[in-house]
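Heads up, the thing below is written out as C-alpha cells.
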Amino acid sequence: SIWAWRKSRIKTIRKSVDKVLCLLPFEPDLYHAYGVPAVFVGHPLVKKLPYEMKKYTAREKLQISSETVIAVLPGSRLSEIKKLGPIFARVAKLIASQNKKISFVSPMASQSTYDQFENILLSNNIRSAFKVIKGSSHEAMIAADIVLLASGTAALESALLSKPTVAAYKVSALSYFILNKLVKTSYFTLPNILLNKEIIPEFIQNKASDINLFDSISECLYNKHYQQNMINNFTQLKSQLDADTDKLAASEVLKLL
Numbered sequence: 003s004i005w006a007w008r009k010s011r012i013k014t015i016r017k018s019v020d021k022v023l024c025l026l027p028f029e030p031d032l033y034h035a036y037g038v039p040a041v042f043v044g045h046p047l048v049k050k051l052p053y054e055m056k057k058y059t060a061r062e063k064l065q066i067s068s069e070t071v072i073a074v075l076p077g078s079r080l081s082e083i084k085k086l087g088p089i090f091a092r093v094a095k096l097i098a099s100q101n102k103k104i105s106f107v108s109p110m111a112s113q114s115t116y117d118q119f120e121n122i123l124l125s126n127n128i129r130s131a132f133k134v135i136k137g138s139s140h141e142a143m144i145a146a147d148i149v150l151l152a153s154g155t156a157a158l159e160s161a162l163l164s165k166p167t168v169a170a171y172k173v174s175a176l177s178y179f180i181l182n183k184l185v186k187t188s189y190f191t192l193p194n195i196l197l198n199k200e201i202i203p204e205f206i207q208n209k210a211s212d213i214n215l216f217d218s219i220s221e222c223l224y225n226k227h228y229q230q231n232m233i234n235n236f237t238q239l240k241s242q243l244d245a246d247t248d249k250l251a252a253s254e255v256l257k258l259l
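Here the working numbering is used: the first residue of the sequence shown is 3, the next is one more, and so on.
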C-alpha cells in the first residue's frame, strides 16, 4: 500500500493503470493527490464472513464445551509463531491459572505451523487447555469470547465479527528499525487505522509482554462496558467498509472498456 509505506510506488502505479479500485475508504483521496484516478468499491471481506453462524453453533462444530473461550492466533507464518507463540502460550497459562473455566482454540494455517505451535504449547505445559485445529479460523473466532492475535488480516476479520480483540506483533530488531523508518501510520492494526483511534489494544515489540497482554485480555473479558464500546466501534467500521463490491468493481471496469 502507498499509505502505509513505499509511497515511491505511486509513480509506477500512475504509469501502469487507468484506475485504482480501492478497498479502503481513505485510499481514493491519496491516489487523487498524485493524479491517479481511484474509487472506493468496498472491502470484499465484509460480504464473505459467516455472520449468520452463532457462537454455540461454532462451538458445537469445533467440539468446544468450555464456559469461556479465547481464540489465539499467533500468525500464519513460521517466523510469526516463533516470535509470538511462546508469549501467547505464557499469557494463556497465566489466564488459565486464574480461571479454570477458560479454554483456548487456535486455528493454524498449515501442518508446519500446527506442529510448531503445538510444540510451543507442550514446552509451556499448557497444551491440555488448547484445541489446536487446522483451518476454520472464522469458526474459531465466532466460537470465542475474546480473540488474541498477531496483527494482520485476522484483526479485520475479528473486528467485522464483532469480537473483542487484542493484537500483538513482534519482529527482529533490524526489521523493526526498518519498519519504523518506513511505516507512516500511527497504528499497526487495520481497524485502528481505519477508525483513527486505538480500539483494539495493540502491543508491538517489547510492549508485547506477558503482563501487558494478560492485563489487556482481562480487561476485555471482565469489563462489559469496555467490551461494548469496542463492539460499537466495530459496527461503525463495518458500515464504513460495506458496499456492493462486486457490482461497483464491475461497473468501474465497464466504464473503461
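The beta-carbon is built from N, C-alpha and C at its ideal position, and this holds for glycine as well.
Values in this document were obtained by computation on a predicted structure and should not be read as measured data.
Name the DSSP bridge partner or partners of residue i?
{"i": "LEU23", "result": "VAL41"}
{"i": "THR70", "result": "ILE104"}
{"i": "LEU124", "result": "Bridge partners of LEU124: none, in fact."}
{"i": "ALA152", "result": "ALA170"}
{"i": "MET110", "result": "LYS136"}
{"i": "LEU51", "result": "None, per the DSSP bridge assignment."}
{"i": "LEU75", "result": "LEU151"}
If you drop the 5 nearest sequence neighbours on each side, which residues of the same chain put their C-beta closer than 6 Å to that of residue i?
{"i": "PRO88", "result": "ILE122"}
{"i": "GLU120", "result": "VAL134"}
{"i": "PRO203", "result": "VAL168, SER218"}
{"i": "VAL149", "result": "ALA73, MET143, SER160, LYS165, THR167"}
{"i": "CYS24", "result": "PRO30, ALA40, PHE42"}
{"i": "GLY216", "result": "Correcting the residue identity first, residue 216 is Phe in this sequence and not Gly. VAL93, LEU96, listed in sequence order."}
Please return the same chain residues whose Cβ sits closer than 7 Å to the Cβ of residue i, not counting the five positions on each side in sequence.
{"i": "ILE104", "result": "SER68, THR70, ILE72, ILE97, ALA98"}
{"i": "GLU221", "result": "TYR228"}
{"i": "ALA152", "result": "LEU75, PRO76, GLY77, GLU82, LEU86, ALA170, TYR171"}
{"i": "ALA91", "result": "ILE122, LEU123, ASN126, ILE128"}
{"i": "GLY137", "result": "PRO109"}
{"i": "LEU192", "result": "ALA157, LEU158"}
{"i": "LEU239", "result": "ALA161, PRO193, LEU196, LEU197"}
With a threshold of 16 other CB atoms inside 10 Å of the CB of residue i, please say whether the residue is buried or exposed.
{"i": "LYS226", "result": "exposed"}
{"i": "THR237", "result": "exposed"}
{"i": "ASN101", "result": "exposed"}
{"i": "ALA176", "result": "Inspection of the sequence shows that residue 176 is occupied by Leu rather than by Ala. With fewer than 16 other Cβ atoms within 10 Å, it is exposed."}
{"i": "ILE213", "result": "exposed"}
{"i": "VAL38", "result": "buried"}
{"i": "THR14", "result": "exposed"}
{"i": "SER174", "result": "exposed"}
{"i": "TYR189", "result": "buried"}
{"i": "SER18", "result": "exposed"}
{"i": "GLU141", "result": "buried"}
{"i": "SER139", "result": "buried"}
{"i": "ASN234", "result": "exposed"}
{"i": "VAL255", "result": "exposed"}
{"i": "LEU223", "result": "buried"}
(Q) Runs of 4 residues minimum, wholly inside the region 163 to 228: which ones carry the alpha helix (DSSP H) assignment? (A) 175 to 184, 192 to 197, 212 to 224
Q | Segment contact, 8 Å Cβ cut-off, at least three pairs: the region 191 to 198 with the region 231 to 249 | A | yes
Q: Spell out a yes or no on whether the region 35 to 44 and the region 248 to 257 are touching, meaning 3 or more CB-CB pairs, one atom from each, closer than 8 Å.
A: yes
Q.
Does the contact criterion of 3 or more C-beta pairs under 8 Å hold for the region 150 to 163 versus the region 128 to 137?
A. no
Q) Just checking, does the region 74 to 91 make contact with the region 56 to 64 on the three C-beta pairs under 8 Å criterion? A) no
Q) Three or more C-beta pairs closer than 8 Å, one from the region 100 to 117 and one from the region 23 to 40: is that the case here? A) no
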